[in-house]
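Q: Under numbering that gives the first Met the number 0, think of the first position of the sequence shown as 0, with each following residue one higher. Don't be surprised by glycine CBs; every beta carbon is placed ideally from N, CA and C. Given the structure is predicted, the values throughout are model-derived calculations rather than measurements.
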Amino acid sequence: MTATGWNIGIDVGGTFTDIAAVHLGDGRMEVLKLPSTPKAPDAAMLEGVARLAARIGIDPADFARVAHGTTVATNALIQDRGAKLALITTRGFRDVLEIGRQIRPHMFDFHTDIPRPLVPEDRRFEITERLLSDGAVHVALTDAEIARVVEQVAASGAEACAVCLIHAYRNPDHEARIGAALKARLPGIFLSLSHEVHPEFREFERFSTTAVNGFVQPEMAQYLARLEAGLAALGSAAKIGINQSSGGLMPIGRAAQLPVRTALSGPAAGIVGVLETLGDSSQGDFITLDMGGTSADVSLVRGFAPTFTSEREIEGRPVKLSSVDINAVGAGGGSIAWIDTDGLMKVGPQSAGAVPGPACYSKGGTVATVSDANLYLGRLSPKLLDGAMELDAEAAARVVAEIAEPLGLSPQETALGIIEIVNATMVRAIRQISVERGLDPAGFDLVAFGGAGPLHGADVARALGIARVIIPARPGLLCAEGLLNAPLREDYVQALGLRLDDKGLVALDEAAGALCARAADWFATQASPGEIGLSVDLRYVGQNYELRVPLGERVDEPVLRAAFVAAHREMYGHADEAAPIEIVALRAEALIALPRAPDPAPSLPGAEPVPTGTRPVIHDAAGPVGARVYRREAIGPGQSVTGPAIVEQTDSTVVIGPGDRATADARGNLIIEVAFQ
């Protein structure tokens, strides 16, 4: 059966909300970019859905599916806007969240301390029970104990409760009984049970992840309820999928239950979008640079396969969930330039965001930002979004001059300094995921996207020795486009903790069968077939951390050992081929591909690109040079422009430096060959 109707992808960033809609029948695409509404992120979304439907000439009811990337949960944690949270744990473990790993976040910074625990001491409640490491009951949990602790939670006035018992990942029975009693006594309370949120060993990380989930649950649930009601008020009955940090969608109800899974949902969608759009434009080894208004996210991809990690922190708190390995830094168009106590200029991580925004946005911003510097240098047009948003060049010049005065520099030197500092921040972030892991970035392409990525991509590549920069066709809307083709995804894990020997292999095979059965049950609830991918976490016996390797159809010791040894050698530079290995956990990812639009037909060459005009652009201390200005759609497949040039489009601006050469390919990507002076 041929799919019809429209799918819509919405990515809410700190500065702009990006929306892309595609017709499932003929592949037509419409896009929209509008300022975000930070106090009520759903307001910009709903306005955008209505405007886009009107532009297309359809009713919002014609949108069959809405895929959404959100930072609501992350922002609630960062801004400390979470629930009044209680914690129930095994007697003797009430202070795990506060003790942590006893590691200073910054060894030589005497002013930075670990973040406060999300649950204060008076709302941490102990319960008498104990499970052993194999899940066996050592101290039974009585109904009287459950009743006692439930009354303590009720008396505390908590809005949400995290239940984290020792070794509950092995045996969830005690946590499940407590959860049922809490729901019966307090029907409106939000519950986070550790065996549902993060069923793995390492108690501090499990406690932390569960507490984070409970802390942001009410905020996320209220937001999703407003979004659902708002879409219904527009007449839309679209199925809503919320993107996860792992790059797949989950139903809205699941997102309300497990909001911690959405921590990096927007940037993960960008990786999906890159994989969808690149095709043969790259050999498959590339570094992504997603620079928006608030931050820049970088990730490394080898052989078209993104890197995943389970090690992540949000505001200094460990969050252990599978996610695309993305390094985020405070470097965006809204990043604020400021003078530190040492008299030197810094840029970011503070951001002007959407409100008040950069001074040039004329929304009340009074300090210099990266966007103000780009406008002052002529790299950014005074008319954004095809003229729908006019920038104030005089305001940009004023705030740049204000920060230049105490530095004793000219406004031009200061604006160039702002750009150099923010570029250095992104270069450092890319080095962390490449050079510090033994990889030379010069062997990779740089894929620059986000609204600001194409403004800085060539300069960042030049600093890293990268020769090719790829700018996707719609870089400023790529995260929203990635959401259009994201699959439904559910992740499962089973802890094992066994040697890689005959006994361990039997348990591994049994676990694989159990996880595949759970995935099959999920496919049935979604009334759709799907695919299952298995991987296993392995480590040397006595080693502190594990490595993940894929699990193929053959489950035998030589194959797994060889895969682990290769992964260990690649990660650490050495491996012991004979040392005993431990099977830490088995993982399964279940994916359901959703109906998608046909791929667009390759573009055909047109007439030679003709510039719409020229304008002075400052690239370095030599001062302004005349740069030809082109519309992106005027550069057809196989056609090239040589810098200095500016390429403008609805969602972004591409800076092509002196000597750089940009060529469009058949997929609509712009390939910049970087000149090294």
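Please identify the residue among I165, A43, R378, E120 whose C-alpha is closest to the C-alpha of S132.
A: Indexing the sequence shown from 1 puts residue 132 at position 133. Here the closest residue by C-alpha is I165.
Q: Check the DSSP bridge columns for A231 and list the partner residues they point to.
A: Counted from its first residue, the sequence shown places residue 231 at position 232. DSSP, once it has assigned bridges, lists no residue as partnering A231.
Q: Tell me whether K38 is buried or exposed, calling it buried when 16 or more other Cβ atoms sit within 10 Å of its Cβ.
A: Along the sequence shown, read from residue 1 onward, the residue named residue 38 stands at position 39. Exposed is the call here.
Q: Would the segment 443-451 count as touching the segment 473-486 if we require 3 or more Cβ pairs under 8 Å?
A: Cβ pair count under 8 Å is three or more, so yes.
Q: From M0 to A592, what does the alpha carbon distance come to, in whole angstroms?
A: Here the question's residue 0 lines up with position 1 in the sequence shown. Here the question's residue 592 lines up with position 593 in the sequence shown. Confidence at M0 is low in this model, with a pLDDT of 34, below 50, so its placement is unreliable and the value that follows should be read with caution. Looking at the two C-alpha atoms, the distance is approximately 15 Å.
Q: Return helix, strand or coil for R253, following the three-state DSSP convention.
A: Numbered from its first residue, the sequence shown carries residue 253 at position 254. Of the three classes helix, strand and coil, the one that applies to R253 here is helix, per DSSP.
Q: What's the gap between the Cα of R714 and the Cα of A589?
A: Since the first and last residues shown for the chain are 0 and 676, residue 714 lies out of range.
Q: Excluding five sequence neighbours on each side, which residues of the same chain lie with their C-beta closer than 7 Å to the C-beta of E530?
A: To locate residue 530, count along the sequence shown from 1; it is residue 531. These residues qualify, in order along the chain: L590.
Q: Please tell me whether G329 and Q349 are closer than 9 Å, where the distance is taken between their beta carbons.
A: Counting from one through the sequence shown, the residue named residue 329 turns up at place 330. Counting from one through the sequence shown, the residue named residue 349 turns up at place 350. Yes. Within cutoff.
Q: Which first and last residues belong to the beta strand (DSSP E) in which S191 is found?
A: The sequence position of residue 191 within the sequence shown is 192, counting from 1. It spans 189-192 - the beta strand (DSSP E) in which S191 sits, taken as one unbroken run.
Q: Using the three-state DSSP reduction, which class does H197 fall into: helix, strand or coil?
A: Position 198 of the sequence shown, counting from 1, holds the residue named residue 197. Residue state, collapsed to three classes: coil.
Q: Classify M0 as helix, strand or coil using the three-state DSSP reduction.
A: Here residue 0 is taken as the residue at index 1 of the sequence shown, counted from 1. Residue confidence is low: M0 scores 34 on pLDDT, short of 50, so the model does not pin down where it sits. No coordinate-derived value is stated.
Q: Using beta-carbon positions only, say whether D650 and V30 come within less than 9 Å of one another.
A: As a position in the sequence shown, residue 650 is number 651, starting the count at 1. As a position in the sequence shown, residue 30 is number 31, starting the count at 1. Their beta carbons are under 9 Å apart, which means D650 touches V30 by this criterion.
Q: Indicate whether W5 and F62 have their beta-carbon atoms separated by less than 9 Å.
A: Here residue 5 is taken as the residue at index 6 of the sequence shown, counted from 1. Here residue 62 is taken as the residue at index 63 of the sequence shown, counted from 1. Contact: yes.
Q: What is the DSSP secondary structure of H67, counted as helix, strand or coil?
A: The residue given as residue 67 occupies position 68 in the sequence shown. Three-state result, H67: strand.
Q: What's the C-alpha gap between L669 and T209?
A: Mapped onto the sequence shown, residue 669 falls at position 670. Mapped onto the sequence shown, residue 209 falls at position 210. Computed Cα separation, rounded: 43 Å.
Q: For the segment 334-346 against the segment 368-379, do three or more pairs of beta-carbon atoms, one drawn from each stretch, fall closer than 8 Å, so that the two count as touching?
A: As far as the Cβ criterion goes, the segment 334-346 touches the segment 368-379, which means the pair count is three or higher.
Q: Given this structure, state the Cα-to-Cα distance separating I655 from R378, to the nearest angstrom.
A: For this step, residue 655 is matched to residue 656 along the sequence shown. For this step, residue 378 is matched to residue 379 along the sequence shown. If you take the alpha carbons of I655 and R378, they lie about 10 Å apart.
Q: Which word fits I402, buried or exposed, when buried means at least 16 other C-beta atoms lie within 10 angstroms of its C-beta?
A: Locating residue 402 in the sequence shown gives position 403, where the first residue counts as 1. Label assigned to I402: buried.
Q: Cutting at 6 Å between CB atoms, please list the residues of its own chain near G503, excluding the five before and the five after it.
A: Counting from one through the sequence shown, the residue named residue 503 turns up at place 504. Excluding sequence neighbours, G503 sits near L497, I582.
Q: For C359, report the span of its alpha helix (DSSP H) as first-last.
A: Sequence index remark: in the sequence shown, residue 359 carries index 360 (1-based). Counting along the chain, C359 falls outside any alpha helix (DSSP H), and DSSP gives it neither H nor E.
Q: With a threshold of 8 Å on Cβ separation, who are the neighbours of A49 within its own chain once the five nearest residues in sequence on each side are excluded?
A: To locate residue 49, count along the sequence shown from 1; it is residue 50. Here the set comprises P59, L233.
Q: In whole angstroms, what is the alpha-carbon distance linking A220 and R205?
A: Against the sequence shown, residue 220 aligns to sequence position 221. Against the sequence shown, residue 205 aligns to sequence position 206. In a straight line, the C-alpha of A220 is about 22 Å away from that of R205.
Q: How far does the alpha helix (DSSP H) with D458 in it reach, from first residue to last?
A: As a first step, residue 458 is located in the sequence shown; it is residue number 459 there, counting from the start. 452-463 is the span of the alpha helix (DSSP H), which, as asked, contains D458.
Q: Between V366 and L320, which are expected to be in contact by the criterion C-beta below 8 Å, what is the C-beta distance as a whole number of angstroms?
A: The sequence position of residue 366 within the sequence shown is 367, counting from 1. The sequence position of residue 320 within the sequence shown is 321, counting from 1. Actually they do not touch by this definition, with Cβ atoms about 36 Å apart.
Q: Rank I57, A52, P116 by C-alpha distance to the C-alpha of L76 and give the top, closest one.
A: The count along the sequence shown starts at 1 and reaches residue 76 at position 77. Checked all of I57, A52, P116; the closest Cα to L76 is P116.
Q: Cβ of T89 within 9 Å of Cβ of E125?
A: Here residue 89 refers to the residue found at position 90 of the sequence shown. Here residue 125 refers to the residue found at position 126 of the sequence shown. Taking 9 Å as the Cβ cut-off, T89 and E125 qualify as a contacting pair.
Q: For the segment 167-186 and the segment 128-146, state whether three or more C-beta atom pairs, one from each stretch, are separated by less than 8 Å.
A: A contact exists between the segment 167-186 and the segment 128-146.
Q: So G240 packs on L487, CB below 8 Å; how close in whole Å?
A: In the sequence shown, counting from the first residue as 1, residue 240 sits at position 241. In the sequence shown, counting from the first residue as 1, residue 487 sits at position 488. Correct: roughly 7 Å between the Cβ atoms.
Q: Go ahead and pull the three-state DSSP assignment for N668.
A: Position 669 of the sequence shown, counted from the first residue, corresponds to residue 668. Residue state, collapsed to three classes: coil.
Q: Which first and last residues belong to the alpha helix (DSSP H) in which K502 is found?
A: For this step, residue 502 is matched to residue 503 along the sequence shown. Here the alpha helix (DSSP H) through K502 covers 501-524.
Q: Looking only at its own chain, which residues have a Cβ that is under 8 Å from the Cβ of F203, when we skip the five neighbours before and after it?
A: Taking the first residue of the sequence shown as position 1, residue 203 is located at position 204. Cβ within range, chain order: V95, L96, I98, G99, R100, P317.
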